[in-house]
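Line order of the protein sequences matches chains A and B.
Numbering (UniProt numbering) for the first sequence: 1 to 261.
Numbering (UniProt numbering) for the second sequence: 1 to 420.
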Amino acid sequence: MTTYHELDPVEAKIAARDVSVFYGDQQALDRVSIDIGTEYVTAFIGPSGCGKSTLLRTFNRMNDTIANARVEGEVRLDGVDIYRSDLDVVQLRARVGMVFQKPNPFPKSIYENVAYGPRIHGLAVNRTELDAIVERSLRRAGLWDEVKDRLSDSGTALSGGQQQRLCIARAIAVDPEVILMDEPCSALDPIATARIEELIGELKGRYAIVIVTHSMQQAARVSQRTAFFHLGRMVEYGKTSDIFTNPREERTKDYITGRYG
Amino acid sequence: MTERASTDAGAADGDRAARRLKARYAAERRFRALGLAAIACSVAALLFLLVTMIGNGMSGFRRTELRVPVDFARAGLRVEPARLGAIDALPALRQAGLSQVLGQAAAASLGPDGAAELDPDAWREVARAIIADPGLLQRRVVLSLPASDNLAAAQRGDGQRRLRPLATRLAAQGKLVRAWDPGFLTRADSTHAQSVGIWGALKGSLLTMAVTMALAFPIGVLAAVYLEEYAPRNRWTDLIEVSISNLAAVPSIIFGLLGLALFVGLFPSWRSAPLIGGMTLALMTMPVIVISARAAIGAVPPSARDAALAIGASRIQVVFHHVLPLAMPGIMTGTIIGMARALGETAPLLMIGMRAFVATPPAGLTAPASVLPVQIFLWSDEIDRGFVERTSATIIVLLLFLLAMNGLAIHLRNRFEKRL
Ligand SMILES: Nc1ncnc2c1ncn2[C@@H]1O[C@H](COP(=O)(O)OP(=O)(O)OP(=O)(O)O)[C@@H](O)[C@H]1O
Ligand SMILES: [Mg+2]
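Pasting the structure below:
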């Protein structure tokens, strides 16, 4: 039921097999199978309500926080089933970071925002190490030069684009293996968006990155793999260039050419 | 033609828009005026309360005193210095004849009729002064001693007719004066209006509030956290929720009965102690804190929780690092309201025996004590005019206590809000 374009076999960081998600009686995701690798950025596209965020949240078990959500199928991280009953979600979420659609820095200082994760996971033995992690993360997120003199200011006092980069810095501070981004630029202006896209390009290769986006241009610019979703199904998956220049499914073609409602 | 019609319509539209705008401004002005009027009403009520209280109460901080010169060096009061430091220093001084020494000094200076009008408890004040400064026993001093309530009444121009000439004479000699009475804040209850103090009740209130806070705040907040963050939503939690809301509405005297049956029943020897009073008031305050804390925790945006969960915070870390700090201002507001109510509460404390006459400030949490509102209640029952003034003065102290408590809480809340 999904059209897969031919791809070079790669080692999957995350392997989802026949994942279905239900909210109560309503099925939001229907038997989705996809491999996420480290060497490239994967984009999820599709009309609103098609289940992109839902699938993303199955990768770090954020669906657990939704009272009536139920997940079927299998998601493996490095070959280990993350829905196994003895798996520690805290450990999992330290390995699979997430950046949300709306920037949501903690109402604490900029420093504290970044330092919080390393601190609770015990990644730094002393203040010097913590300082180093904070600086490195902020540098990677391209925010260091803007905030290095005001690290004790509140994270919520930054501009929207800065806040989102702070959230990215916060996510990479715990040194995750995967970064999930759910429409990270939807609240940002074109300049801030360009900055974050550039950042994604720099992070590529170091982390497995999945980005949900409503912007075809953005998907084309930042990703190497694209999955198109529709009504809870993954309709088509392949190289981004193939999907955009040569879609095999009618629905994909309609959507990327903007003929879709 | 069509063009003409459309401009007409446009003008009519403009007219209507202007009228709507005017109506909107008028509504806005009316609403502002109403709001101002409401504020003015509450400020006026508050001012009225404060002005009458201060007007009546300030004289309660004064008392009628007799000035008596005493030469302790010659009086030959013999007490071993070691005993002055002991617990029974007061009875020791009494045994040594302190009252008699004072009586003789008063008779010498004021005449026998004047000496008879010395407050019978006056020696206690002197004894405390001596305990605080044993060197007094080697000196000659002029003591300011409380006059009897009858003499105080005579000086005011009422009370017993026969004492008035005496009052006039002593006042003319400068030996009978109305003076500021800082000791009012350091003494405890007494049967005479001139020698009463409120430190006993104030300390009792402080201890009781401390117990209430120490019990009600953590238990209330933890209960709220559990109900909001951990408890499954089912019939049982619904039932608990309804019960807590009902508890918050139960009349306070019922809590007094509960405290009597439960706490006094369990610890009969601690009857009228701040510990029992605090526990009883904690029962009453807890539901208020639970309700406000639940509301505050529920109002924490889900995005804050998600952010913390997504970088691998455990549930307890999410609660203590993120949810509670964000909810704290709201929790504090509820706590202020609950504690203020507890501070002013009389009925339940009467039930558990905190209405006993306690002439010494409570030594600890388990010593018998009174509290400010009960003290007010008890004194307002007295017939003597002196007590009326003292009652008003106590009300002022209670209000100041309340203001200080609220001020502190609001300060803390603002600190929390600023940190966000
Ligand atoms: N918490 C929830 N409870 C119930 N239903 C939900 C919940 N979250 C999502 N859904 C439903 O699941 C379906 C998929 O939602 P999802 O958020 O995954 O869509 P999406 O592709 O991310 O959409 P968008 O592009 O608008 O973000 C929708 O029909 C939505 O109504
Ligand atoms: Mg979404």
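Every residue, glycine too, gets a C-beta built ideally from N, C-alpha and C.
Keep in mind it's a predicted model, so treat the numbers as computed, not measured.
Integer Cβ distance of B:R83 from B:R178, believed to fall under 8 Å: Contact doesn't hold; Cβ gap of about 35 Å is too wide.
Neighbouring residues, chain A, relative to B:G330 (Cβ below 7 Å): None at all; the shortest Cβ gap to chain A is about 14 Å.
Buried versus exposed, by CB contacts within 10 Å (16 or more), A:F244: buried
Heavy atom of ligand 2 within 8 Å of A:E183 beta-carbon: yes
Interface partners of B:D306 on chain A, CB under 9 Å: M62, T65, M98, F100, N104
Minimum Cβ-Cβ distance from B:A313 to chain A less than 9 Å: yes
Sufficient close CB pairs (3 or more, under 8 Å) joining the region 351 to 360 of chain B to the region 269 to 277 of chain B: yes
Contained alpha helix (DSSP H) runs [length at least 4] in the region 85 to 154 of chain A, N- to C-terminal order: 89 to 95, 110 to 120, 127 to 140, 144 to 147
Run of the alpha helix (DSSP H) containing B:G278, from where it starts to where it stops: 274 to 298
With 16 other Cβ atoms within 10 Å as the buried cut-off, status of A:D78: exposed
Beta-carbon proximity of B:D384 to B:D149, cut-off 9 Å: yes
Member of B:E228, B:V250, B:R124 whose CA lies at the smallest distance from the CA of B:A188: B:R124
B:F387 in three-state terms, based on DSSP: helix
Assigned secondary structure, B:F320 (DSSP; H/G/I helix, E/B strand, else coil): helix
Expected contact under 8 Å - CB spacing of B:P329 and B:F416 to nearest Å: 5 Å
Residue-chain proximity (B:R233, chain A), Cβ-Cβ < 9 Å: yes
Cβ shell of B:S252 (< 6 Å), same chain only, five flanking positions each side left out: M284, E345, A347, P348
Extent of the continuous alpha helix (DSSP H) run through A:I243: 240 to 245
Chain-ordered residues of the region 194 to 216 of chain A with a beta carbon less than 8 Å from chain B: none
Contacts of B:H322 in chain A (Cβ-Cβ under 8 Å): F106
Under 8 Å by beta carbon: chain A residues contacting B:A310: N60, M62, R93, G97, M98, F100, A171
A:G24 CB to nearest heavy atom of ligand 1 below 8 Å: yes
Collapsed DSSP secondary structure at B:K22 in the structure displayed: helix
beta-carbon A:V21 near ligand 2 non-hydrogen atom, thresh 8 Å: no
Span separating the alpha-carbon of A:T54 from that of A:D30: 11 Å
Proximal residues of chain B, C-beta to C-beta of A:G49 below 8 Å: Within 8 Å Cβ-Cβ: nothing; A:G49 doesn't reach chain B, min ~19 Å.
Neighbour-count burial assignment, A:P105, 16 or more Cβ in a 10 Å radius: buried
At least three beta-carbon pairs within less than 8 Å, the region 205 to 220 of chain B to the region 367 to 378 of chain B: yes
Closer than 8 Å: A:T54 CB and nearest ligand 1 heavy atom: yes
For B:E228, the three-state DSSP class (helix, strand or coil): helix
Pairwise C-alpha distance: A:R136 and B:F255: 58 Å
Start-to-end residues for the alpha helix (DSSP H) that takes in A:L203: 190 to 203
Within-9 Å CB hit, B:L326 to chain C: Of the protein chains in this structure, namely A and B, none is chain C.
Within chain A, partners of B:Q317 - CB distance below 8 Å: I120
C-alpha distance - B:R233 paired with B:R315, whole-angstrom precision: 18 Å
Assigned exposure category for A:F100 - 16 Cβ within 10 Å defines buried: buried
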